[in-house]
Amino acid sequence: MGKAGLPVSPLAPARFPDLPVIEGVEFASAAAGVKYQGRTDVTLIRVAPGSTLAGAFTRSSTRAACVLDNQVKLAQGGDAPEGAAIIINSGNANAFTGARGQESVDAVTGAVAQALGLPRGRVFSSSTGVIGEPLPHDRIIAVTGDLAGRLDAAGAAEAARAIMTTDTFPKGAFATLPGEGGEIRITGIAKGSGMIAPDMATMLVYVFTDAAIPADLLQQALSSGLDTTFNAITVDSDTSTSDALILAATGRSKAAPITDLASATGQAFVAALHGVMRELAHLVVRDGEGATKFVEIAVTGAQDTADAHRVAMAIANSPLVKTAIAGEDANWGRIVAAIGKSGAEADRDRLTIRFGDMVLARDGWRDPSYDEAAASAYMKNQDLRIGVDLGLGQGARTVWTCDLTHGYIDINADYRS
Numbered sequence: 109m110g111k112a113g114l115p116v117s118p119l120a121p122a123r124f125p126d127l128p129v130i131e132g133v134e135f136a137s138a139a140a141g142v143k144y145q146g147r148t149d150v151t152l153i154r155v156a157p158g159s160t161l162a163g164a165f166t167r168s169s170t171r172a173a174c175v176l177d178n179q180v181k182l183a184q185g186g187d188a189p190e191g192a193a194i195i196i197n198s199g200n201a202n203a204f205t206g207a208r209g210q211e212s213v214d215a216v217t218g219a220v221a222q223a224l225g226l227p228r229g230r231v232f233s234s235s236t237g238v239i240g241e242p243l244p245h246d247r248i249i250a251v252t253g254d255l256a257g258r259l260d261a262a263g264a265a266e267a268a269r270a271i272m273t274t275d276t277f278p279k280g281a282f283a284t285l286p287g288e289g290g291e292i293r294i295t296g297i298a299k300g301s302g303m304i305a306p307d308m309a310t311m312l313v314y315v316f317t318d319a320a321i322p323a324d325l326l327q328q329a330l331s332s333g334l335d336t337t338f339n340a341i342t343v344d345s346d347t348s349t350s351d352a353l354i355l356a357a358t359g360r361s362k363a364a365p366i367t368d369l370a371s372a373t374g375q376a377f378v379a380a381l382h383g384v385m386r387e388l389a390h391l392v393v394r395d396g397e398g399a400t401k402f403v404e405i406a407v408t409g410a411q412d413t414a415d416a417h418r419v420a421m422a423i424a425n426s427p428l429v430k431t432a433i434a435g436e437d438a439n440w441g442r443i444v445a446a447i448g449k450s451g452a453e454a455d456r457d458r459l460t461i462r463f464g465d466m467v468l469a470r471d472g473w474r475d476p477s478y479d480e481a482a483a484s485a486y487m488k489n490q491d492l493r494i495g496v497d498l499g500l501g502q503g504a505r506t507v508w509t510c511d512l513t514h515g516y517i518d519i520n521a522d523y524r525s
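For what it's worth, my numbering labels the leading residue of the sequence shown as 109, then goes sequentially.
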């Protein structure tokens with residue numbers, strides 16, 4: 109069973125990965141009773157002095173107080189000469205809570221700053237859970253001293269579990285790469301299961317590296333990977349008020365500093381970082397509320413990349429497509445309908461639709477080789493690939509989604525209770 113008492117997703121990995129320790133990053137988790145009793149629900153992360161920071165956040169116009177606060181702080185620069193900290197709670201989103209929301213953020217980050225001897229401007233906070241309920245910040249502050257005293261470089265797995273809400277498994281990913289003079293490590297944890305859609309399409313993500321890299325380059329490396337990772341997934345088309353991704357680089361690797369992203373090491377670092385981001389994004393989809401299928405939708409031949417994205421997301425978010433997938437029904441007509449409603453340039457007579465390696469339709473008609481039995485058999489797989497070629501240009505985009513089952517309704521119908 110997952111943390112919320114839900115059966116673990118059938119798409120979950122066999123085990124949580126053995127994340128490499130990132131020198132200069134420490135974790136501690138505790139049960140503060142923010143919403144539920146008997147669960148770890150608060151995590152404190154400390155990042156060493158001399159680190160650099162970058163971030164990405166939801167574009168929702170009803171952003172949570174902690175998101176707004178983090179954006180203001182990162183806008184002042186990504187350097188952390190005295191170090192930094194992140195305090196995270198699950199069970200309450202501290203969103204749509206008016207002035208009290210910022211008061212709670214100030215109280216929590218102030219307590220962390222005092223406990224760790226950090227400037228308040230380098231303490232970031234994240235909250236996830238129910239919207240519209242005041243955050244009981246006193247409960248978080250009450251465990252801050254204990255958390256500060258138990259910080260541990262090996263605590264990432266416990267932190268990944270503490271930030272879960274309706275998640276059924278903790279999520280982690282890592283990469284290592286050779287630098288000039290030493291190895292560079294990257295590790296990340298995430299939470300997310302529902303309210304997942306682009307505009308920073310996950311709920312909470314924290315990625316750490318021991319690379320030495322200036323804050324502006326770190327931000328560039330992060331931002332350049334968003335469209336093909338966290339902005340290329342959807343569970344239910346709903347964008348969260350609380351999406352946050354914070355990336356910290358401690359500079360503790362023995363490798364030479366990365367001063368040019370176009371260098372061999374810079375390119376390898378960006379590729380490895382994006383790989384970690386993509387893996388975390390996929391894990392969020394694999395834990396989609398009620399999900400039983402992981403679906404890749406690859407669109408090619410679009411007039412441009414924007415159109416390819418429109419088509420891919422129209423298919424990925426279609427309730428008709430998603431329920432057909434849940435029912436293992438090879439109803440490719442629903443793909444045709446989703447393409448038509450996407451707003452992208454399309455020509456019926458140039459379309460090609462594939463399930464896996466099978467061509468189902470082409471040139472405006474069902475393919476002569478179409479085999480209903482083979483298509484239906486393919487739909488029984490847990491991992492599926494839908495391919496669409498629009499036949500119009502060079503635009504391409506791949507996105508990932510899951511099916512829509514009654515489990516999604518069950519989870520969300522009584523979320524607050």
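Even for Gly, the Cβ is constructed at its ideal location relative to N, Cα and C.
Helix, strand or coil for L259, going by three-state DSSP, please let me know. DSSP places L259 in the coil class of the three-state scheme, outside both helix and strand.
Within a Cβ cutoff of 6 Å, which residues of the same chain sit near G141, ignoring the five residues on either side of it in sequence? In chain order, R247 place their CB closer than 6 Å to the CB of G141, counting only its own chain and leaving out the 5 sequence neighbours on each side.
Along the beta strand (DSSP E) that carries E134, what are the first and last residues, could you check? Bounds of the beta strand (DSSP E) holding E134 are 133-138.
Counterpart residues of Y314 in DSSP-defined beta bridges: According to DSSP, which records beta bridges pairwise, Y314 is partnered with I297, I354.
Quick one: measure Cβ to Cβ for G240 and F277, integer angstroms, because I've assumed they're closer than 8 Å. About 27 Å; that fails the 8 Å criterion.
In chain order, what residues of the same chain lie with their CB nearer than 7 Å to the CB of R228, ignoring the 5 residues before and after it? For R228, where only same-chain residues beyond five positions count, the Cβ hits under 7 Å are T217, G218, A221.
Candidates G237, A356, R293, T274: closest to P189 by CA position: For P189, the closest alpha carbon among the candidates G237, A356, R293, T274 is that of A356.
Taking all protein chains shown into account, decide if R167 is buried (16 or more other Cβ within 10 angstroms of its Cβ) or exposed. With fewer than 16 other Cβ atoms within 10 Å, it is exposed.
Could you check whether A424 and L285 sit closer than 8 Å to each other, using their CB atoms as the reference points? In this structure, A424 does not lie closer than 8 Å to L285 by Cβ.
Can you tell me whether S212 is buried or exposed, with buried defined as 16 or more other CB within 10 angstroms of its CB? S212 is buried by the Cβ-count criterion.
Rounded straight-line distance, which links the Cα of S350 to that of S525: In this prediction, S525 has a pLDDT of 49, which is less than 50 and means its spatial position is unreliable; what the coordinates show is noted afterwards. Using only the alpha carbons, I get a separation of about 20 Å.
According to DSSP, what are the bridge partners of K401? DSSP output for K401 lists no bridge partner at all.
In whole angstroms, give me the CA-to-CA distance for F316 and M421. Separation of F316 and M421 (C-alpha to C-alpha, rounded to the nearest whole angstrom) is 30 Å.
From the DSSP output, in three-state form, read off L391 for me. Shown here, L391 sits in a helix according to DSSP, grouped into three states.
Y314: CB within 7 Å of a non-hydrogen atom of the ligand SAM: This structure lacks the ligand SAM, and indeed carries no ligand of any kind.
To which residues does DSSP link L152 through a beta bridge? Beta-bridge pairing links L152 to A136, I195.
Of all the beta strand (DSSP E) runs that stay within the bounds of the segment 421-490, which reach a length of 3 or more residues? Runs of the beta strand (DSSP E) spanning 3 or more residues and lying entirely within the segment 421-490 occur at 460-463, 466-470, in chain order.
In the DSSP assignment, what are the bridge partners of G495? Per DSSP, the beta-bridge partners of G495 are A406, R462.
Give me the residue from A414, Q411, D260, A183 with the minimum Cα distance to L161. When C-alpha distances from L161 are compared across A414, Q411, D260, A183, the shortest belongs to A183.
Across which residues does DSSP place N200 in a beta bridge pair? Under DSSP, the beta-bridge partners assigned to N200 are V238.
Do the segment 371-387 and the segment 459-476 meet, that is, are 3 or more Cβ pairs less than 8 Å apart? Touching, no, given that fewer than three Cβ pairs across the two stretches are closer than 8 Å.
When we look at the beta-carbon of I273 and count the other beta-carbons within 10 Å, is it buried (16 or more) or exposed? The sequence shown places Thr at residue 273, rather than the Ile named in the question. Buried, since its Cβ has 16 or more Cβ neighbours within 10 Å.
Proximity below 8 Å, CB of L325 to CB of G163: No.
At least three beta-carbon pairs within less than 8 Å, the segment 474-484 to the segment 403-414: Taking 8 Å as the limit for Cβ pairs, the verdict is that the segment 403-414 does not touch the segment 474-484.
Determine, using beta-carbon pairs with one atom in the segment 408-417 and one in the segment 357-365, whether at least three such pairs fall under 8 Å. Per the Cβ contact rule, the segment 408-417 is not in contact with the segment 357-365 (fewer than 3 Cβ pairs under 8 Å).
Classification of S450 by the beta-carbon crowding that lies within 10 angstroms, buried from 16 upward: It counts as buried.
Going by DSSP, what residues sit across from S371 in a beta bridge? Per DSSP, none; premise fails for S371.
Kindly identify the DSSP beta-bridge partner or partners of R593. No information on residue 593 is available, as it lies outside the stretch 109 to 525 that the chain covers here.
To the nearest angstrom, report how far apart I194 and L152 are at their CA atoms. Going by the C-alpha atoms only, they are around 6 Å apart.
Are the segment 124-141 and the segment 265-272 touching, with three or more C-beta to C-beta distances below 8 Å? Counting C-beta pairs with one atom in each stretch, the segment 124-141 and the segment 265-272 have three or more that are closer than 8 Å, which means they touch.
Can you pull the DSSP bridge partners for I292? Answer is L285, bridged to I292.
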